[in-house]
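Just so we're aligned: 69 in the numbering used here is position 68 of the sequence shown, and the numbers increase by one with no gaps anywhere.
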Amino acid sequence: MTLNDKLKSNILRDFDKRLQRELAADLYSFIANVKLDEGDSFHDSVDIIFERDGAKGLKEFLDDLVVMLEGFQKENTDTQTSVP
């Protein structure tokens with residue numbers, strides 16, 4: 002395993018922990034449910050972002066993704082609780 006592979010692995014492990022902690026989800030279910038543009042797999046996208054933006058860019062992308070997912074979850078919860 003190369004240093005870059007280890008970095009990506011650590012970043013994805015942290016992302017998985019954050020999904021579990023903040024969204025009661027996990028990386029496996031996230032990957033199974035996410036739809037990406039142009040048919041890329043989640044791992045293909047991770048590789049592209051890592052190559053283009055480095056470890057910091059990948060971490061920032063995944064952090065922003067969690068924030069977006071939290072917003073969707075909150076919006077969905079608010080919609081369900083406000084229905085008469």
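Each residue gets a CB set at the ideal place from its N, CA and C atoms; glycine is no exception.
Could you check what DSSP says for residue i in three-state terms: helix, strand or coil?
i: residue 68; result: helix
i: residue 80; result: helix
i: residue 42; result: coil
i: residue 33; result: helix
i: residue 48; result: helix
Going along the chain, which residues of its own chain have a beta-carbon closer than 6 Å to the beta-carbon of residue i, five neighbours each way excluded?
i: residue 8; result: 56
Can you name, in chain order, every residue of its own chain whose Cβ lies under 7 Å from the Cβ of residue i, other than the five neighbours on each side?
i: residue 70; result: 24
For residue i and residue j, what's the separation of their Cα atoms in angstroms?
i: residue 79; j: residue 20; result: 20 Å
i: residue 65; j: residue 74; result: 14 Å
i: residue 26; j: residue 48; result: 22 Å
Can you give me the Cβ contacts of residue i inside the same chain, cut-off strictly under 8 Å, excluding the 5 residues immediately before and after it?
i: residue 35; result: 43
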